[in-house]
Amino acid sequence: MSTVYDVVTSKGLTYEQKLVALAHAAEDSLNVLCIPEKTKHYMETGAICDLNEGHAPYRPRYIMPDYELAVKQGCEFLRLDPPKDLDELLQFLMILYRHVPSITSFPVFLGNLDKLIEPFLDGVSDAEAAKKIKLFLIYLDRTITDGFCHANLGPEESRAGWIILGLEKELQNAVPNLTLKYDSDITPDAYAELALYTSLYCANPAICNHKMHQETYKQSSCSFVQGRGGDYGISSCYNILPIGGGAYTLTRVVLPHLAKEANSKEHFLQELLPDCLSHMGDYMNERIRFLVEQSNFFETSFLAKEGFISREKFLPMFGVAGLAECTNMLMDDEKKTYGHHAGADDLAEAIMQVIADYAAHSQALYSEIFDNHFALHAQVGIDSDHGITSGVRIPVGAEPDSMYDHLKHSARFHKFFPTGCADVFAFDPTGRNNPAAVLDIVKGAFAQGDKYISFYASDSDLVRITGYLVKRSDLERYYNGEAVLQNTVYLGGDNYRNARLENRKVRTTG
Amino acid sequence: MKAPVNKIISLSVVDGPGNRTVVFLQGCNISCAYCHNPETQRLCTGCGICATKCPVQALTLEDDKTVWDRQKCVQCDACIQNCPHFSSPKVRDMEVEEVFTEIMKNVPFIRGITVSGGECTLYPEFLTELFCMVNKEGLSCFIDTNGCIELERYAELMRNCDKVMLDVKAWEPEVFRDLTGGENSPVKKNLIYLAEQQKLEEVRMVCMENVVDVETIIQGIAATIPGYLADFTLKLIAFRNFGVVGKFAETRSPSKEQMEQWKELSVQNGIMHTRIV
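Order-wise, the sequence lines are chains A and B. So that you can map any letter, position 252 of the first sequence is 252 in this note's numbering, and since no number is skipped, the others follow by simple counting. Offset between the second sequence (1-based) and this note's numbering: plus 1000.
Here it is in structure tokens:
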């Protein structure tokens, strides 16, 4: 939307979507960030992209409230006592979610739903619990009109988890996105199989490597972490973030846009890339500085005042996108491409190593939880991307014939990303008859070092675009110019077309 | 030791529990009228007819042997469709070690292998050697068989075989003979032997009205191994004419209702795990 007038008169936006767009336009009328000329250059070429976060950050991008703490102590600001039964709990959460901000103005993290609900199921029959939880889930889907909203399950099985998974298949909701934290030593096969079976009907839940992710914030020297053992949650598009904290910002380096300026591989690796990363880091620090020192967010938010979030548990997500295209441009040989040629993959790894070295040796402001470093994230892309593949994925249409080769390749690059890196697989519907087979593949992938995988069936209405879910039937309505409930349908619609996601290789017996 | 390999599928969700690699061996000892992959039935005679039909010249005749160029091949299957001998020029004679190497590329994503065919039990020594190697890697080994060879005769093979998926294609000998050209007394012996050995994973039958004695098979199984009916899955496979050549090429599938009735009969006979596929 180019002007305020366009927003006000749009036929394709709901009232709520106009309101958010107008707030964004108002924010962008400010000019409070100090941005050097060279940084502006990289932003103009598209090499540095702040994902249109806005010109004056006044809330963190992703907020991960400690809902378990809130449920235990109640919320003074919202005049809510600690819930005592299932009805009170679900109402407590519905009210609290309404007041959790984010970059999209909707909560991107709803907590470990099964763990929140389970203690309140004593004495409640399965049928009764299922009815109440179903109404709760429908409420979330229809009022949090943003597909980036995410809830977590596992790694332990629970009655609440079984009920939620059973409902998901029936409800076919895009919100919330769900991830099962999976650990083969903790999660029973039958429970993981139900999760995968469900995902082959409704693209939900995704499955993450709990063994690897639980280490992400354990080692932090931040004193605030000690009490909770550095617990993590998954928000938005598979962002692995500290519970009770979150991400201040997510800016990304779009590697192919930078590679256009390169004279040679050496020029790219030794000069261009380090210079661009350094400008990007400075820019992110500038955003953090304004948010922490001037916006007064942490001084005014009841979430911070009541201890549901702590400023010290926030970090900056340093995004990377388009490694595949960048590598292919620098190789400049159509027979030697990313995901298919050892030399190309070695170059890609060298590029990632430069980025990882920058992250390890630079200073991020106010990022105690991550030892004052930037945290790398394989960014999934945005609607306007053309010819830029998510993070470090192999481009759609160029996937290796063997799913195992694909997963081994993924593992090689997932290791660089503490705050999230994921692959999406379209699977043949026959997998529904044998979810144990899909679990075998997950176990193998996680043993190799893959961190996060999601599946959907090639015939399912709900599809995973890059990280979030959209209904194909909603995409059709969007393509016809109709207003649709969830804002992610707009993003997904353009992404689905621009990235030709209908061509995603379907993994099947063969 | 070598055996003719039709193909190896690295990822299968339909050949036993979990994710498995499937090895298809070439050659069969019966010829079912409804065979869905007739190109696996016989060994190549080297007649060269397929080479003349290949649109990309991926097949050549050298010393009376058909040679397949994997790089040139576009997998159009014109060779298979034109083969008058129910064979395929793409079959490769492979050493046990070669097959083992192919399987190991799929670790850790698979929990085991299934060897199918054609009829894989035509190569018991090959299977024994392969299973010994694969078992050592912690992978399970399954046989998929038409049951026409008595497995009890191959003690070492069966020691290394975890489970068997057995076809019971017909119960009355004359029905079996009409359908397959073979004898089914070994099938019944195998049914008993495998049940007693706790090696029966699955029993399958392709269901066709007026051709296959479906009710008799169900009752026959129930009466033959009454103590083991909860130990295996009975898969009732609805006949489909896809890929079928010959007299059943146009035959229709049984109705859903008919399949449900057979399933009901099976459950009533005590076969607890019965599935329609």
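Just so it is clear, CB atoms sit at the ideal spot from N, CA and C, and this is done for glycine as well.
Any beta carbon from chain B within less than 8 Å of Gly-533 (chain A)'s own beta carbon? Not covered by the structure: residue 533 (chain A). The range shown for chain A is 1 to 510.
Cβ-based burial, Tyr-5 (chain A) [other Cβ within 10 Å; buried from 16]: By one-based count along the first sequence, residue 5 (chain A) stands at place 5. Counting Cβ neighbours within 10 Å, Tyr-5 (chain A) comes out exposed, since fewer than 16 surround it.
Going by other Cβ atoms of all chains shown within 10 Å of its Cβ, with 16 needed for buried, is Thr-1145 (chain B) buried or exposed? As a working note, residue 1145 (chain B) is residue 145 in the second sequence. Flag for Thr-1145 (chain B) reads buried.
Within 8 Å, strictly: CB atoms of Leu-987 (chain B) and Lys-1189 (chain B): Chain B is shown from 1001 up to 1277; residue 987 (chain B) falls before or after that span and cannot be answered.
Would you grab the beta carbon distance between Phe-1109 (chain B) and Ile-441 (chain A) for me? Rounded to a whole angstrom, and I think it's under 8 Å. By one-based count along the second sequence, residue 1109 (chain B) stands at place 109. By one-based count along the first sequence, residue 441 (chain A) stands at place 441. So it is a contact: roughly 5 Å between Cβ atoms.
Against chain A, does Phe-1142 (chain B) count as a neighbour if the rule is that its beta carbon must be under 8 Å from one of theirs? By one-based count along the second sequence, residue 1142 (chain B) stands at place 142. It does not: the Cβ of Phe-1142 (chain B) has no partner Cβ on chain A nearer than 8 Å.
Once the 5 residues before and after His-210 (chain A) are set aside, which same chain residues still bring their CB inside 6 Å of it? Along the first sequence, read from residue 1 onward, the residue named residue 210 (chain A) stands at position 210. The residues are Pro-155, Lys-181, Tyr-182 and Asp-183.
Euclidean distance between Cα positions of Phe-1126 (chain B) and Lys-1002 (chain B): The residue you call residue 1126 (chain B) lines up with position 126 of the second sequence. The residue you call residue 1002 (chain B) lines up with position 2 of the second sequence. Roughly 7 Å separates the two Cα atoms.
Would you check if the distance between the CB atom of Ala-445 (chain A) and the CB atom of Ser-390 (chain A) is smaller than 8 Å? What you label residue 445 (chain A) is simply residue 445 of the first sequence in a count that begins at 1. What you label residue 390 (chain A) is simply residue 390 of the first sequence in a count that begins at 1. No, Cβ-Cβ distance for Ala-445 (chain A) and Ser-390 (chain A) is not below 8 Å.
Using a Cβ-Cβ cut-off of less than 8 Å, list which residues of the stretch 401-413 of chain A approach chain B; keep chain order. Ser-402, Met-403, Tyr-404 and Leu-407
Compute the Euclidean distance between the alpha carbons of Cys-34 (chain A) and Tyr-238 (chain A), then round it to the nearest angstrom. If you number the first sequence from 1, residue 34 (chain A) lands on position 34. If you number the first sequence from 1, residue 238 (chain A) lands on position 238. Approximately 31 Å, taken between the alpha carbons.
Quick check on the burial criterion: 16 or more other C-beta atoms within 10 angstroms. Buried or exposed for Glu-325 (chain A)? Within the first sequence, residue 325 (chain A) is the residue found at index 325, counting from 1. Flag for Glu-325 (chain A) reads buried.
Residues of chain B with a CB under 7 Å from the CB of Gly-449 (chain A): which are they? Counting from 1 along the first sequence, the entry for residue 449 (chain A) is found at position 449. Those within 7 Å of Gly-449 (chain A) in chain B number zero; the least Cβ separation is about 11 Å.
Under the three-state reduction of DSSP, which class applies to Arg-98 (chain A): helix, strand or coil? Mapped onto the first sequence, residue 98 (chain A) falls at position 98. DSSP, read as helix, strand or coil, puts Arg-98 (chain A) in coil.
In the DSSP assignment, find the alpha helix (DSSP H) that holds Ile-351 (chain A) and state where it starts and stops. Sequence index remark: in the first sequence, residue 351 (chain A) carries index 351 (1-based). Note, Ile-351 (chain A): alpha helix (DSSP H), 342-361.
Cβ closer than 9 Å: which chain A residues qualify as neighbours of Arg-1240 (chain B)? Numbered from its first residue, the second sequence carries residue 1240 (chain B) at position 240. Here the premise fails: no neighbours, minimum Cβ distance about 14 Å.
Does any residue of chain A have a CB that is nearer than 8 Å to the CB of Ile-1276 (chain B)? Looking up residue 1276 (chain B) in the second sequence gives position 276. With 8 Å as the cut-off, Ile-1276 (chain B) does not count as an interface residue toward chain A.
Please name the residue, chosen from A:Val-354, A:Pro-316, A:Ile-355 and A:Asn-152, that lies closest to Ala-375 (chain A) on a Cα-to-Cα basis. Counted from its first residue, the first sequence places residue 375 (chain A) at position 375. Closest option to Ala-375 (chain A), Cα to Cα, is A:Pro-316.
Alpha-carbon spacing of Lys-131 (chain A) relative to Leu-167 (chain A), whole angstroms: Taking the first residue of the first sequence as position 1, residue 131 (chain A) is located at position 131. Taking the first residue of the first sequence as position 1, residue 167 (chain A) is located at position 167. Those two C-alpha atoms are separated by around 9 Å.
CA-CA distance, His-414 (chain A) and Glu-1196 (chain B)? As a position in the first sequence, residue 414 (chain A) is number 414, starting the count at 1. As a position in the second sequence, residue 1196 (chain B) is number 196, starting the count at 1. Spanning the two alpha carbons is a distance of roughly 48 Å.
Short Cβ contact (8 Å threshold) for Ala-174 (chain A) with Gln-486 (chain A): Taking the first sequence and counting its residues from 1, the one referred to as residue 174 (chain A) is at position 174. Taking the first sequence and counting its residues from 1, the one referred to as residue 486 (chain A) is at position 486. Contact: yes.
So is Cys-1076 (chain B) buried or exposed if we call it buried at 16+ other beta carbons inside 10 Å? One-based indexing of the second sequence puts residue 1076 (chain B) at position 76. Result: exposed.
Compare the C-alpha of Leu-165 (chain A) against each of A:Asp-146, A:Met-94, A:Ser-199 and A:Lys-408 and name the closest. Indexing the first sequence from 1 puts residue 165 (chain A) at position 165. Among A:Asp-146, A:Met-94, A:Ser-199 and A:Lys-408, the Cα nearest to that of Leu-165 (chain A) belongs to A:Ser-199.
Are at least three pairs of beta-carbons, each pair with one atom in the stretch 55-66 of chain A and one in the stretch 370-388 of chain A, less than 8 Å apart? The stretch 55-66 of chain A vs the stretch 370-388 of chain A: no contact.
is_contact[Pro-1017 (chain B), chain A] using C-beta, thresh 8 Å: Against the second sequence, residue 1017 (chain B) aligns to sequence position 17. Yes, Pro-1017 (chain B) counts as interfacial toward chain A.
In this structure, how does DSSP classify Lys-1072 (chain B) when only helix, strand and coil are distinguished? Numbered from 1 along the second sequence, position 72 holds the residue referred to as residue 1072 (chain B). Of the three classes helix, strand and coil, the one that applies to Lys-1072 (chain B) here is coil, per DSSP.
Please classify Gln-1057 (chain B) as buried or exposed, where buried requires at least 16 neighbouring CB atoms within 10 angstroms. Along the second sequence, read from residue 1 onward, the residue named residue 1057 (chain B) stands at position 57. Exposed, since its Cβ has fewer than 16 Cβ neighbours within 10 Å.
For Phe-455 (chain A), which of helix, strand or coil comes out of DSSP? Residue numbering aside, residue 455 (chain A) sits at position 455 when the first sequence is read from its first letter. DSSP places Phe-455 (chain A) in strand when its eight states are reduced to three.
Measure the Cβ-Cβ separation of Ala-422 (chain A) and Ser-454 (chain A) and say whether it is below 8 Å. Within the first sequence, residue 422 (chain A) is the residue found at index 422, counting from 1. Within the first sequence, residue 454 (chain A) is the residue found at index 454, counting from 1. Cβ distance < 8 Å, so Ala-422 (chain A) and Ser-454 (chain A) count as in contact.
Contact criterion: CB-CB distance below 8 Å. Does Val-506 (chain A) meet it with respect to chain B? On the first sequence, position 506 is the one that residue 506 (chain A) refers to. Output row for Val-506 (chain A): interface = no.
For Asp-401 (chain A) and Thr-337 (chain A), what's the separation of their Cα atoms in angstroms? Reading the first sequence from its first residue, position 401 is the one you call residue 401 (chain A). Reading the first sequence from its first residue, position 337 is the one you call residue 337 (chain A). So the two alpha carbons sit approximately 14 Å from each other.
Any heavy atom of the ligand NAD within a distance shorter than 7 Å of the CB on Ile-234 (chain A)? In terms of ligand content, the structure shown is empty, and the ligand NAD therefore cannot be addressed.
Taking the straight line between their C-alpha atoms, what separation do you get for Val-1014 (chain B) and Met-94 (chain A)? The sequence position of residue 1014 (chain B) within the second sequence is 14, counting from 1. The sequence position of residue 94 (chain A) within the first sequence is 94, counting from 1. Roughly 43 Å between the two C-alpha positions.
Extract the residue ranges of the alpha helix (DSSP H) inside the stretch 172-229 of chain A, only unbroken runs of 4 or more that lie entirely within it. 189-202 and 210-213
Does DSSP put Cys-1253 (chain B) in a helix, a strand or coil? Walking along the second sequence from the start, residue 1253 (chain B) turns up at place 253. Strictly speaking, residue 1253 (chain B) in this sequence is Ser, with Cys absent from that position. DSSP places Ser-1253 (chain B) in coil when its eight states are reduced to three.
Residues in the stretch 1102-1128 of chain B with C-beta within 8 Å of chain A's C-beta atoms, listed in sequence order? Lys-1105, Asn-1106, Val-1107, Pro-1108, Phe-1109, Ile-1110 and Arg-1111
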